[in-house]
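Line by line, the protein sequences give chains G and S.
For the first sequence, the numbering used here begins at 4 and goes up steadily by one.
For the second sequence, the numbering used here begins at 39 and goes up steadily by one.
Presented below is the structure to which this report refers.
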Amino acid sequence: MAKRFSIRRQPGFATIAMFSFFVLYLPIATLVVYAFNSGTSIATWEGFSLRWFQSAWQNQQVIEASIRSLQIASIAAVIATVCATLAALATTRTAPYRGLTFKYSMVNMPLLVPEIVTAVALLILFSRIKVWTGYSGLGYLILAHSAFCVPFAYLPIRARLESMDLSLERAAADLYANAFQTFRYVTLPLLWPGILAGLMLAFVISLDDVVITEFVKSGGQDTLPTYMLGQLRRVVTPEMNAISTVFLMLSLAIVTVFFFLSRNPQKDDK
Amino acid sequence: MDQSSATASHGGAIGMHGIKKWFGNFQAVNDVSLEIRSNEFFTLLGPSGCGKTTLLRMIAGFEMPSEGSIRLDGAEIAHLLPNQRPVNTVFQNYALFPHLTVSDNIGFGLKMLGKPKAEIDAVVAEMLKLVHLEARGNNLVTQLSGGQQQRVALARALAPRPKVLLLDEPLSALDLKLRKSMQIELKRLQAETGITFVFVTHDQEEALTMSDRIAVMSQGQVRQVGAPWEIYDRPAERFVADFIGETNFLDVDVVDVGADRARVRLPSGAEIPATFPAGTQPSGKVTIVIRPEHARATASTAVTPLSGTIHDIVYLGTDTHLHVRLADGSSFMIRLQNARSGPCGYSVGEEVGIEISDDVAQILRD
Chain G
4 MAKRFSIRRQ
14 PGFATIAMFS
24 FFVLYLPIAT
34 LVVYAFNSGT
44 SIATWEGFSL
54 RWFQSAWQNQ
64 QVIEASIRSL
74 QIASIAAVIA
84 TVCATLAALA
94 TTRTAPYRGL
104 TFKYSMVNMP
114 LLVPEIVTAV
124 ALLILFSRIK
134 VWTGYSGLGY
144 LILAHSAFCV
154 PFAYLPIRAR
164 LESMDLSLER
174 AAADLYANAF
184 QTFRYVTLPL
194 LWPGILAGLM
204 LAFVISLDDV
214 VITEFVKSGG
224 QDTLPTYMLG
234 QLRRVVTPEM
244 NAISTVFLML
254 SLAIVTVFFF
264 LSRNPQKDDK
Chain S
39 MDQSSATASH
49 GGAIGMHGIK
59 KWFGNFQAVN
69 DVSLEIRSNE
79 FFTLLGPSGC
89 GKTTLLRMIA
99 GFEMPSEGSI
109 RLDGAEIAHL
119 LPNQRPVNTV
129 FQNYALFPHL
139 TVSDNIGFGL
149 KMLGKPKAEI
159 DAVVAEMLKL
169 VHLEARGNNL
179 VTQLSGGQQQ
189 RVALARALAP
199 RPKVLLLDEP
209 LSALDLKLRK
219 SMQIELKRLQ
229 AETGITFVFV
239 THDQEEALTM
249 SDRIAVMSQG
259 QVRQVGAPWE
269 IYDRPAERFV
279 ADFIGETNFL
289 DVDVVDVGAD
299 RARVRLPSGA
309 EIPATFPAGT
319 QPSGKVTIVI
329 RPEHARATAS
339 TAVTPLSGTI
349 HDIVYLGTDT
359 HLHVRLADGS
369 SFMIRLQNAR
379 SGPCGYSVGE
389 EVGIEISDDV
399 AQILRD
């Protein structure tokens, strides 16, 4: 029997694949390696040391920016996930009607709009509100992050809802569950992994954001990414590498959990 | 079983009147009226797309009839939500909750009804015993085999003691052996629980095996309702006769009509008695059906009402089918039961007479 076409057997496949991985990960690997440099250069290796991790740990500005980042990311992720869950339920648990696709596109719009446009728009809007209300706290950043995180949280939740067997909810209704009980005892438990996955994705996206944060933040509201951006304009030490490395590890951990949560549960059957 | 239900009449009679259902321009159910009796095993039988599942879903409450009324023990239920009806469903794909254990699946209905935990536990234990899954209560349903999942689905639907149990082709996913044993199991459960079963299937054998009464459906309409023997031996029209089992159609002339029997003249000139559907007055040219097992081949062709030449012999293990070419060129099938081992004793090309048992011919409605 003739073997079916497979790109894996084409000449040069392995070489190109290896090269691609190399190019993708070399910069990150370099960054991580130089986080352990004992010298002050980010290009000349002078020996192994943890001094930059230590110095970052003792840098008051780094600590404050980190706490702020985590604060914003946690609150924004929760708000975005709640909104996304409601949106996903509304767009999947209904008979198709005119305008459904439009609503679906509206939810996903922030993925397509250039971030800089959103950033400028929010800057203008929020500056108005600041003038009217006099409030200039973290609320603006949280609101902005919540907004652009919604589509990221929405995607895994919607995917999970769509793969769910509708006859389960029908069976619950058949077994005397009202609409709320059906959601509470059947839909929600089965949706839970999707919701957690959405939450984590939103968290990582928020933690990572530079452009919108840079535009929306007031003075003294640096998040870790914007603080690092500010530092890069001055002197660059391996301290930046050390902070980045910690960041990288945190993101990796979350993405790993996300991966395991978003695996299709049907595959575990039998 | 639960004592109150064993003694008291359980109810569960369904009356459907003038049910119509449109999906857009497509009419799935066209003016169906049915009376399903309390404590009966009632089957909706028909080919796919005949409207039987739609009818079932309307009793369950997943669909609303476009027109008509559905009554349960006299009370109108057509407008009620599924969770407001004392009716439970065994789904075709079982629809078991994958995040719950076997026990929690079975207890789900009672929990939603707000029953105390002690009562739920007692009923769940009783149900597990009823479907022979005592040892599996704490398993997740995904760890069970297809046949076991089927029994959990059954127990889950029976646990709240519904007045009516709806079964939507629940055996279609099982292999033949398992299906046979589940057929007997279902019949037993129906007798033990005294609950009205409404069973949907496209499998005529399944319907004949289990049902007290069968409604044969086609193109959104009920063609005939009756006991299995009535559906099989006294089909009212060609569709029913054709859909259930194998049969011979003969064009005949009505000679004389009595109160419940008519005399018809076969193409050969012989006259035999034939029954006809109630409420009809056969006359002129009609079609009769004769089941292949109601006819016998004989060596002598002198006195038999039909005769012809064997053109095909099909051996089936339990039976042998003789296909006989009649004088008018049509083919007539005879089923011989293989009571003895060895060849049937007939050969292709042989001239045979066909004897017809008394009172087996049935005149079809036009």
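For each residue, glycine too, the CB sits at the ideal point set by N, CA and C.
Whether residue i touches residue j by CB criterion (8 Å)
i: G258(S); j: C88(S); result: yes
i: I326(S); j: I372(S); result: no
i: T445(S); j: R334(S); result: With chain S covering only 39 through 404, there is no way to say anything about residue 445(S).
i: D397(S); j: Q375(S); result: no
i: I208(G); j: C152(G); result: yes
i: D206(S); j: T91(S); result: yes
i: A178(S); j: I144(S); result: In the sequence as displayed, the identity of residue 178(S) is Leu instead of Ala. Cβ atoms of L178(S) and I144(S): not closer than 8 Å.
i: I246(G); j: I145(G); result: no
i: P124(S); j: P200(S); result: yes
i: P171(S); j: Q187(S); result: Here residue 171(S) turns out to be Leu, not Pro, going by the sequence shown. No; because the gap between Cβ atoms is not below 8 Å, this pair is not in contact.
i: A46(G); j: D225(G); result: no
i: N121(S); j: A195(S); result: no
i: E103(S); j: A113(S); result: Contrary to the premise, residue 103(S) reads as Pro rather than Glu in this sequence. No, they are not a contact pair.
Enclosing beta strand (DSSP E) for residue i [first to last residue]
i: M371(S); result: 369 to 375
i: K59(S); result: 52 to 61
i: E393(S); result: 389 to 394
i: Q259(S); result: 259 to 264
i: N143(S); result: Run containing N143(S): none in the beta strand (DSSP E); it sits in the alpha helix (DSSP H), 140 to 150.
i: L360(S); result: 357 to 364
i: A333(S); result: 333 to 336
i: T339(S); result: No beta strand (DSSP E) holds T339(S); DSSP gives it neither H nor E.
Residue-chain proximity (residue i, chain S), Cβ-Cβ < 8 Å
i: Y179(G); result: yes
i: A98(G); result: no
i: Q184(G); result: yes
i: S221(G); result: no
i: R12(G); result: no
i: S2(G); result: Shown here, chain G extends from 4 to 273; a query on residue 2(G) therefore has no answer.
i: L194(G); result: no
i: A200(G); result: no
i: A162(G); result: no
i: S166(G); result: no
i: R101(G); result: no
i: L171(G); result: yes
i: A79(G); result: no
i: V189(G); result: yes
Whole-angstrom C-beta distance between residue j and residue i, which should lie under 8 Å
i: P330(S); j: E284(S); result: 6 Å
i: S139(G); j: S221(G); result: 5 Å
i: K59(S); j: E101(S); result: 7 Å
i: R303(S); j: V290(S); result: 6 Å
i: L115(G); j: A147(G); result: Actually they do not touch by this definition, with Cβ atoms about 17 Å apart.
i: L192(S); j: V169(S); result: 6 Å
i: V254(S); j: V278(S); result: 5 Å
i: S210(S); j: N176(S); result: In fact, because the Cβ distance is near 29 Å, the residues do not count as touching under 8 Å.
i: A38(G); j: N181(G); result: Not quite, the Cβ-Cβ distance comes to about 56 Å (not below 8 Å), so this is no contact.
CB contact below 8 Å: residue i versus chain G
i: H48(S); result: no
i: T127(S); result: yes
i: L151(S); result: yes
i: H137(S); result: yes
i: A193(S); result: no
i: G147(S); result: yes
i: F79(S); result: no
i: N63(S); result: no
i: N121(S); result: yes
i: N131(S); result: yes
i: P154(S); result: no
i: F100(S); result: yes
i: P198(S); result: yes
Cβ-heavy atom distance, residue i to the ligand ATP, below 7 Å
i: S71(S); result: The ligand ATP is not part of this structure, which contains no ligands at all.
Segment limits, alpha helix (DSSP H) that includes residue i
i: D159(S); result: 155 to 168
i: Y28(G); result: 16 to 37
i: S327(G); result: A question about residue 327(G) goes unanswered here, because the residues of chain G that appear run from 4 up to 273.
i: D350(S); result: Careful: D350(S) lies outside any alpha helix (DSSP H), inside the beta strand (DSSP E) at 344 to 353.
i: A191(S); result: 184 to 196
Note to self: Please give me, in chain order, every unbroken run of the alpha helix (DSSP H) with length at least 4 that falls completely inside the segment 148 to 209 of chain G.
What the structure shows: 169 to 177, 182 to 185
Notebook entry, point to check: Mind pulling the alpha helix (DSSP H) runs of 4 or more residues that sit fully within the segment 67 to 121 of chain S?
Noted result: 90 to 98
Item checked: Contiguous beta strand (DSSP E) assignments of at least 3 residues, all confined to the segment 272 to 327 of chain S -> 286 to 295, 299 to 303, 309 to 313
Check: Quick one: complete alpha helix (DSSP H) runs, 4+ long, within the segment 79 to 136 of chain G?
Finding: 103 to 115, 118 to 136
Next item on the list: Entirely within the segment 198 to 235 of chain S and at least 4 residues each: give me those alpha helix (DSSP H) ranges in chain order.
Entry: 214 to 231
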